[in-house]
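First residue of the sequence shown: -12, per the working numbering; consecutive thereafter.
Don't be surprised by glycine CBs; every beta carbon is placed ideally from N, CA and C.
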Amino acid sequence: MDRNFARALALVLKSEGGWSDNPADPGGATMKGVTLTNFRRYVKADASKADLHKIGDEQVATVFRRFYWDAVLGAELPDGVDFAVFDFAVNSGPGRAAKYLQAVVGAVQDGRIGPATLAAARAKPAGVVIDQLCNARLAFLRRLPTWATFGRGWSDRVKSVRAEALLMSAPSAVPAPLPARPAPEAAPPKAGPAQVHAPEATSVPPDNSGMPMAARMGGIIAACMLVLLAAWHHVAAALERIF
């Protein structure tokens, strides 16, 4: 969808990088993914490499929209599929990207995305289209004679495109809030180790004699009886003197 253009362009530019003028690259001098040929076609007809090196962000966006995004009808493709086709177009040309998409969705491979291709692309799950398109793209790149030079970078790029495209295709679902659960009734507190109390013991004076309590009590009673008996003898003797 067209709302994905800015996001798709930002992702493409991460892969394209900055200035490149590798003799092994058939695209020739390139700045931020814009070749000198396309810069001359859409921005400045007599541009030099120096002009291309100074290309502005708006000029970059103009080239990518006109030459790649619009060429593959990115604004009308399903979410995620639009980015996967767009990046393929930037890397290998809009016509080739369109033909590979058409092969995946079962449309006529004429290299021009139209109503029939769009309908076929919308009829299949976006995730399936993205996976099959990335697989076909990687197989194409492996057959190129420059795979030995650029293969590792291309492989990483396709892997990243697959992951990002699948994220874009996934519906943004917000999980429904869980129903509130009633608060559980407070249970009576359980006594922990510090809360368990032993029955209170009757206060007993300390016993330092080492003698059993029963024996001590018997001795006390016997002593009392002797005292009473002695007192009785004194009383009896006193009564005899009186009478």
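Helix, strand or coil at residue i according to DSSP, with G and I counted as helix
| i | result |
| --- | --- |
| V233 | In the structure as shown, the chain starts at -12 and stops at 230, and residue 233 therefore has no counterpart that could be examined. |
| V240 | As displayed, the chain neither begins before -12 nor continues past 230, which places residue 240 out of reach and without an answer. |
| S156 | helix |
| T22 | strand |
| T133 | coil |
| S2 | helix |
| S142 | helix |
| S35 | coil |
| P175 | Since pLDDT at P175 reaches only 45, below the 50 mark, its modelled position is unreliable, and the value read off the structure follows with that caveat. DSSP places P175 in coil when its eight states are reduced to three. |
Boundaries (first-last residue) of the alpha helix (DSSP H) holding residue i
| i | result |
| --- | --- |
| A54 | The sequence shown places Phe at residue 54, rather than the Ala named in the question. Here F54 belongs to no alpha helix (DSSP H), and DSSP marks it neither H nor E. |
| A106 | 102 to 110 |
| R83 | 81 to 92 |
Backbone CA spacing between residue i and residue j [nearest angstrom]
| i | j | result |
| --- | --- | --- |
| A126 | G80 | 16 Å |
| R52 | A135 | 31 Å |
| T284 | L120 | Coverage of the chain is limited to positions -12 through 230, which leaves residue 284 absent and any answer about it impossible. |
| G101 | A34 | 33 Å |
| G15 | K1 | 19 Å |
| A62 | S156 | 14 Å |
| S7 | G140 | 14 Å |
| T104 | V115 | 15 Å |
| A94 | R83 | 14 Å |
| R28 | I42 | 14 Å |
| D118 | L128 | 16 Å |
| D130 | P10 | Reading off the sequence shown, one finds Arg at residue 130, where the question assumed Asp. Whole-angstrom Cα-Cα distance: 20 Å. |
| A90 | A(-3) | 27 Å |
| A107 | W56 | 19 Å |
| T49 | P132 | 31 Å |
| I64 | R109 | Reading off the sequence shown, one finds Leu at residue 64, where the question assumed Ile. Near 8 Å, if we compare the C-alpha coordinates of R109 and L64. |
| D143 | D38 | 30 Å |
Determine, using beta-carbon pairs with one atom in the stretch 145 to 156 and one in the stretch 70 to 80, whether at least three such pairs fall under 8 Å.
-> yes
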